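As they're listed, the protein sequences go chains A and B. First residue of the first sequence? That's 1 in the numbering used here, and the numbers climb one at a time after it. First residue of the second sequence? That's 1001 in the numbering used here, and the numbers climb one at a time after it. Beta carbons: idealized from backbone N, C-alpha and C, even for Gly. What you are looking at is a predicted structure, and each value in this text was computed from that prediction instead of being measured. Data first, discussion second: the structure below is written as structure tokens.
2 protein chains.
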Amino acid sequence: MSESLVDVDPRVRRSREAVLAASVAFFVAGGPRAVTVDAVSEASGVAKTTIYRHWRDRAHLLADTYRACLPVVPAPADSVSPETALRDVVRSLVHGMGQEPTRSALPHLIATPLDPVESAALPPDVLDQTFSPLVASIERAASAGVIPKRTDTMEAKHQLVGFIIMSAIDPTCAMNNSLADRVTELFLAGRQAQT
Amino acid sequence: MSESLVDVDPRVRRSREAVLAASVAFFVAGGPRAVTVDAVSEASGVAKTTIYRHWRDRAHLLADTYRACLPVVPAPADSVSPETALRDVVRSLVHGMGQEPTRSALPHLIATPLDPVESAALPPDVLDQTFSPLVASIERAASAGVIPKRTDTMEAKHQLVGFIIMSAIDPTCAMNNSLADRVTELFLAGRQAQT
DNA sequence: ACTGTATGCTACGCTACGGTAGCGTATTAC
DNA sequence: GTAATACGCTACCGTAGCGTAGCATACAGT
């Protein structure tokens, strides 16, 4: 894939989009196990043989499906204050995790990389990359003294990411800036109380 | 199952234990999809036909396997202070989540109930029950004024459970009382700073 | 020792799924 | 209009997995 800029032939474009959309739907509904080529073919209206003309095998289709469910988390600008940068990243994360199909796929996004079979064609730490802007913001806050300089970065990451993910998994939870800012405030208040 | 108190015949006991152990191992390694009757039969040394004499079908075996991976979280005594009760529950949760096979199975424990196929024979909210002692402790802390009385219980649950689960998923993280108490302290400090 | 029962084994039928080959047809780009 | 290309369709093959039947054997309780 990734030559998606100039998809000269509209037939190709149409096939790839239909297949990926159906594949994502199955992944969201039932995890990687639910993504079968036959089912995707039938649901998308694209012939099985055509699918295999675009993806070498099921593993490659699954890899693209997985990527399509990942949220996009922009890195914050260096020009803003460390507090603002952290707050913005948390807002982006909350927003990204709240968007479909990411939100419904979240449990599968976490579990799939641990499956030795289904993770075959998956880039190894693609999920970690999603959190790298957050980690950078945490480190910047620590070195600026906004939170204790001795802060364990990974621990802080677990704290923030865990809060966000659990909220996203709860379908009754509103994933908006209000929640994001509460996450940030509770985090900063707790950390700043540390001696 | 659950007549496990008096397993008169040791042959029955041996078969069930061997099958369940193998099944748990596969579940941990690859999620529900990896739990196949043929594989469990071969790995456990128990004949496939014998497995079907003890479990009606694969779904029932999977349900028992799932339950076997859940941690046991005792409810705290009413006699201790709300702070102590909360700290004890968090300690129990951290300890339980850190124990194998729970720790390695965690992502699958979260994802499996969302799979419409694999969750067929699963009790619907068995995972929520694991956190009910925590929820009770949060509510008690709120009504006692240890944390603001207007605390959103579910939000606080997401905050604590998320922190613990993300820590458990990180294999480099030590799941001990030190971590548990840090989780509790960071939680209380953040909440108590709220007006 | 004897009887009931749990187990092991082989073989089987069925379905779902991954992946391929060949051919005819529709659509695109020129 | 014409040639290239993408597509759909049907028919396969091989494997994995679920679940069952029938029979022989080993083991438990008395």
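For the pair of segments examined, the segment 45-65 of chain A was found not to touch the segment 81-94 of chain A: the number of CB pairs separated by less than 8 Å stays below three. One Cα belongs to arginine 1014/B, the other to alanine 1021/B, and the distance between them is close to 11 Å. Annotation for alanine 68/A: Leu20 and Val24 place their beta carbon closer than 7 Å to its own, counting only its chain and skipping 5 residues before and after. For histidine 108/A against phenylalanine 27/A, the beta-carbon gap comes to about 6 Å, under 8 Å, which counts as contact. If you compare the alpha carbons of Pro32/A, Leu160/A, Val89/A and Ala141/A with that of leucine 114/A, the shortest gap goes to Pro32/A. Secondary structure at alanine 120/A: coil, using DSSP grouped into helix, strand and coil. For leucine 86/A and serine 178/A, the gap between their C-alpha atoms comes out near 15 Å. Contact of glutamate 1155/B with chain A is assigned, a C-beta pair being separated by under 9 Å. What serine 167/A touches in chain B, judged by beta-carbon distance under 7 Å, is His1158, going in chain order.
Between the segment 1128-1136 of chain B and the segment 137-151 of chain A there are fewer than three inter-stretch CB-CB distances shorter than 8 Å, so the stretches are not counted as touching. DSSP places leucine 86/A within a helical segment (H, G or I) once states are collapsed to three. Contact of proline 82/A with chain B is not assigned, every C-beta pair being separated by 9 Å or more. Between the alpha carbons of glutamate 17/A and proline 124/A lies a gap of roughly 25 Å.
Glycine 1145/B sits exposed, since fewer than 16 C-beta atoms from the chains shown fall within 10 Å of its C-beta. Listed in chain order, the positions of the segment 93-118 of chain A with a beta carbon within less than 7 Å of a beta carbon of chain B are Pro107, His108, Ile110, Ala111, Leu114, Asp115, Pro116 and Val117. A distance below 9 Å separates the beta carbons of leucine 1062/B and leucine 1122/B.
Taking the Cα positions, alanine 1189/B is about 11 Å away from glutamate 185/A. Under the three-state reduction of DSSP, aspartate 125/A is assigned to coil, being neither helix nor strand.
Under a 10 Å Cβ-count criterion, glycine 30/A is classified as buried, with 16 or more other Cβ atoms of the shown protein chains found around its own Cβ. A direct Cα-to-Cα measurement between histidine 1158/B and aspartate 1152/B gives close to 10 Å.
Taking 9 Å as the cut-off, the Cβ atoms of valine 1072/B and isoleucine 1164/B do not count as close. If you draw a straight line from the Cα of serine 79/A to the Cα of lysine 149/A, it comes to about 21 Å. Glycine 1031/B belongs to the set of residues whose beta carbon lies under 9 Å from a beta carbon in chain A.
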